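Residue numbers (the numbering used here), protein chains in the order written: chain A, 1 to 251; chain B, 1 to 209.
Every residue gets a Cβ at the ideal spot worked out from N, C-alpha and C, and that includes glycine.
Computed from a predicted structure; not experimentally measured.
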Amino acid sequence: MDNRPLKELLYKIADDQLILGHRNSEWTGMGPLLEEDIAFSSMAQDKVGQSLAMYTLLQSLGEREPDLVAFTRNANQFHNCVLVELPNSEYDFSLVRHFFFDTAEAIRFELLSDSSFEPLAQVARKIRGELRYHTLHANTWMKQLGSATQESMSRLQASLNLAMPFALGIFEDSPLEEELIASAVFAGEQELKNRWIKKVEEIIGQTNLSLPDVKAIEPILGGRIGKHTEHLQPLLDEMSEVFRIDPAADW
Amino acid sequence: MKSLDPRVRRLPPAVELNQTLPKSPLDQFVTFEVFVQPKDGKPFEHEGIVHAPNLEMAYVLAKEAFTRRFDCVSMYVVESGKVNVSPLTEGDTNAYDLIEDVPGQAGEKESYEIYHLAKRGKQHVHAGSVQACLPREAMTIAKQKWYPGKGVCNIWAIRTADIRFTSPEEKDLWLTLPDKKFRDAAEYKGGEKLKSFLEAKGQQNLNHH
Numbered sequence: 001m002d003n004r005p006l007k008e009l010l011y012k013i014a015d016d017q018l019i020l021g022h023r024n025s026e027w028t029g030m031g032p033l034l035e036e037d038i039a040f041s042s043m044a045q046d047k048v049g050q051s052l053a054m055y056t057l058l059q060s061l062g063e064r065e066p067d068l069v070a071f072t073r074n075a076n077q078f079h080n081c082v083l084v085e086l087p088n089s090e091y092d093f094s095l096v097r098h099f100f101f102d103t104a105e106a107i108r109f110e111l112l113s114d115s116s117f118e119p120l121a122q123v124a125r126k127i128r129g130e131l132r133y134h135t136l137h138a139n140t141w142m143k144q145l146g147s148a149t150q151e152s153m154s155r156l157q158a159s160l161n162l163a164m165p166f167a168l169g170i171f172e173d174s175p176l177e178e179e180l181i182a183s184a185v186f187a188g189e190q191e192l193k194n195r196w197i198k199k200v201e202e203i204i205g206q207t208n209l210s211l212p213d214v215k216a217i218e219p220i221l222g223g224r225i226g227k228h229t230e231h232l233q234p235l236l237d238e239m240s241e242v243f244r245i246d247p248a249a250d251w
Numbered sequence: 001m002k003s004l005d006p007r008v009r010r011l012p013p014a015v016e017l018n019q020t021l022p023k024s025p026l027d028q029f030v031t032f033e034v035f036v037q038p039k040d041g042k043p044f045e046h047e048g049i050v051h052a053p054n055l056e057m058a059y060v061l062a063k064e065a066f067t068r069r070f071d072c073v074s075m076y077v078v079e080s081g082k083v084n085v086s087p088l089t090e091g092d093t094n095a096y097d098l099i100e101d102v103p104g105q106a107g108e109k110e111s112y113e114i115y116h117l118a119k120r121g122k123q124h125v126h127a128g129s130v131q132a133c134l135p136r137e138a139m140t141i142a143k144q145k146w147y148p149g150k151g152v153c154n155i156w157a158i159r160t161a162d163i164r165f166t167s168p169e170e171k172d173l174w175l176t177l178p179d180k181k182f183r184d185a186a187e188y189k190g191g192e193k194l195k196s197f198l199e200a201k202g203q204q205n206l207n208h209h
């Protein structure tokens with residue numbers, strides 16, 4: 001069997017998790033309150049852990065070992081969506097990105113828990129509790145700040161509007177996807193996107209915020225084929241700093 | 001800020017010297033008590049306190065603040081102000097001896113969770129539930145049930161309806177917790193690494209001489 005469609009799927013999932021995990025870890029020690037700092041850092045750690053599980057699956061399909069894959073590629077070799085590489089900015093943007101991304105991520109793995117590629121289905125079933133927490137955390141914050149003060153609402157609204165075109169880039173089409181759908185590995189980005197819109201509408205409907213009209217928005221694409229913003233390479237440089245000094249470093 | 005280096009971006013904006021700001025009116029949250037069940041079949045124990053704007057946020061924040069390491073199968077939170085507290089005793093005095101008995105109340109009974117503190121410096125541990133109309137009545141009923149027993153120095157009574165529990169489907173929140181050894185400092189074996197590093201260094205120095 002041609003592994004390319006499956007590898008492509010695993011790479012984009014893993015790269016999303018690794019890059020967002022690293023990005024969110026930049027809040028460690030700087031979160032808005034102690035408990036939230038701990039929660040956000042823990043979830044960042046979960047994401048990196050999930051990416052390791054994906055890179056390990058890739059290794060079983062003949063790719064290089066996880067550390068090499070994570071630390072030795074350049075920005076144009078990464079398949080993450082642009083949303084996850086954007087700088088953290090203010091906390092409202094980080095929260096909105098977390099809400100958009102993890103809503104998609106939870107649905108993606110819910111779909112994958114029935115995947116015909118059993119090792120992937122196993123990982124999906126295993127991490128469902130982590131993703132339950134990530135979405136509980138995101139939804140609770142959106143409901144809280146989305147109906148609290150004038151400042152919190154206008155900040156979240158501005159970040160929703162700003163992040164939406166990038167969020168739609170999560171569901172970038174791939175010519176290889178047909179095969180995954182046909183072989184029941186994955187239901188596909190379009191199916192995921194439809195479910196995502198419904199879920200996002202449901203949560204935002206419980207706040208004083210309004211969702212930009214997704215049909216009227218041009219998604220920001222390119223991340224899946226290695227076209228990134230200038231923000232990705234500095235992130236990779238920092239993430240791989242220790243590895244480049246000593247590839248055998250162990251801690 | 002012009003730099004693309006994420007470390008530079010993370011720096012907080014510089015504060016001007018001698019700058020004073022008025023106190024913001026919304027800078028304090030109330031507190032919530034957090035209870036954790038380490039294993040199925042074991043009682044819930046008081047684990048600590050979180051600050052939060054409401055009960056649901058308290059649950060979300062408590063989960064990582066108190067159950068990101070070690071064993072946990074369930075957790076719940078309640079606003080600190082909803083915990084009814086008995087007098088705290090010293091030495092051999094049983095806190096139940098200081099409870100003034102309240103006669104049985106007429107009306108609809110509600111469930112209360114009773115917690116005992118066996119010893120100062122320990123945590124409150126769940127003893128069981130009682131049905132009562134008032135918190136003080138709940139303590140009286142608890143006294144009938146658990147007094148004298150082993151003796152306790154403090155009793156808590158919490159109305160069950162005030163608690164944000166973990167729902168049955170949320171029990172998978174801790175599914176991967178046992179795998180997260182990287183959150184346990186002992187797992188890094190820092191002492192062993194330091195020892196072998198120093199030994200290797202000592203060997204080097206020996207070779208030099």
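Inspect the CB distances between the stretch 70 to 79 of chain A and the stretch 239 to 246 of chain A and report whether three or more fall short of 8 Å.
-> yes
Name the DSSP beta bridge partners of residue 75/B, please?
-> 36/B
Are the C-beta atoms of residue 49/A and some chain B residue less than 9 Å apart?
-> Yes, residue 49/A counts as interfacial toward chain B.
Contact set for residue 91/A: own chain, Cβ-Cβ below 6 Å, skip 5 residues either direction | 32
Which full runs of the beta strand (DSSP E) of 3+ residues lie inside the stretch 111 to 161 of chain B, going along the chain?
-> 125 to 132 and 154 to 159
In this structure, does DSSP put residue 95/B in helix, strand or coil?
-> helix
Measure the CB-CB distance between residue 32/B and residue 47/B and report whether it falls below 9 Å.
-> no
Output the distance between the C-alpha atoms of residue 97/A and residue 104/A, rounded to the nearest integer angstrom.
-> 11 Å
For residue 280/A, does the count of other Cβ atoms within 10 angstroms reach 16, so buried, or fall short, so exposed?
-> Missing from the structure shown is residue 280/A; chain A here goes from 1 to 251 and no further.
Sequence-distant residues of its chain with Cβ nearer than 7 Å to residue 186/A (five each side left out) = 9, 111, 112, 115 and 180
Secondary structure at residue 48/B, three-state DSSP: helix, strand or coil?
-> strand
Between which two residues does the alpha helix (DSSP H) containing residue 161/A stretch?
-> 150 to 168
Just the chain B side, please: which residues come within less than 7 Å of residue 103/A by C-beta, in chain order?
-> Within chain B, no residue comes near residue 103/A; the closest Cβ sits about 16 Å away, beyond 7 Å.
Amino acids of chain B, ordered along the chain, whose beta-carbon sits closer than 7 Å to that of residue 136/A | 60
Grab the span of the beta strand (DSSP E) containing residue 84/B for me, first residue to last.
-> 83 to 85
Would you mind working out which of 123/B, 138/B, 36/B and 128/B sits nearest residue 100/B, comparing C-alpha positions?
-> When each option's Cα is compared against that of residue 100/B, the closest is 138/B.
Exposed or buried, what is residue 164/B when buried is set at 16 or more other beta-carbons lying within 10 Å of its beta-carbon?
-> buried
Cβ contact check for the stretch 60 to 76 of chain B and the stretch 116 to 128 of chain B: 3 or more pairs under 8 Å = no
Closest residue to residue 182/B among 250/A, 220/A, 129/A and 24/A (Cα-Cα distance) = Minimum Cα distance to residue 182/B is reached at 250/A.
Along the chain, where does the alpha helix (DSSP H) that runs through residue 190/B open and close?
-> 190 to 208
Can you pull the chain A residues whose beta carbon is under 8 Å from the beta carbon of residue 188/B, in chain order?
-> 251
Count the other CB atoms within 10 Å of the CB of residue 219/A; is the residue buried (16 or more) or exposed (fewer)?
-> It counts as buried.
Three-way DSSP call (helix, strand, coil) for residue 67/B in this model = helix
Buried or exposed: residue 66/A, going by 16 or more other Cβ atoms within 10 Å of its Cβ?
-> buried
Determine contact between the stretch 154 to 168 of chain B and the stretch 101 to 118 of chain B, defined as no fewer than three beta-carbon pairs at a distance below 8 Å.
-> yes
Going straight from the alpha carbon of residue 212/B to that of residue 125/A, what length do you get?
-> What is shown of chain B runs 1 to 209, which leaves residue 212/B out entirely.
Residue 132/A by DSSP, collapsed to three states: which one?
-> helix
If you pair each beta-carbon of the stretch 191 to 208 of chain B with each one of the stretch 77 to 94 of chain B, do three or more pairs fall below 8 Å?
-> no
Got a sec? Which residues, its chain only, sit under 6 Å from residue 224/A by beta carbon, not counting five neighbours each side?
-> 12, 79 and 172
Backbone secondary structure at residue 164/B - three-state DSSP | Three-state result, residue 164/B: strand.
Which chain B residues are close to residue 56/A, counting only those with a beta carbon under 8 Å from its beta carbon?
-> The contacting residues do not exist; residue 56/A stays about 13 Å from chain B at best.
Output, in chain order, the set of chain A residues within a Cβ distance shorter than 7 Å of residue 51/B.
-> 33 and 35
Entirely enclosed alpha helix (DSSP H) segments - the stretch 39 to 102 of chain A, minimum 4 residues | 66 to 71 and 82 to 85
Where residue 60/B falls: helix, strand or coil (DSSP) = If DSSP states are grouped into helix, strand and coil, residue 60/B belongs with the helices.
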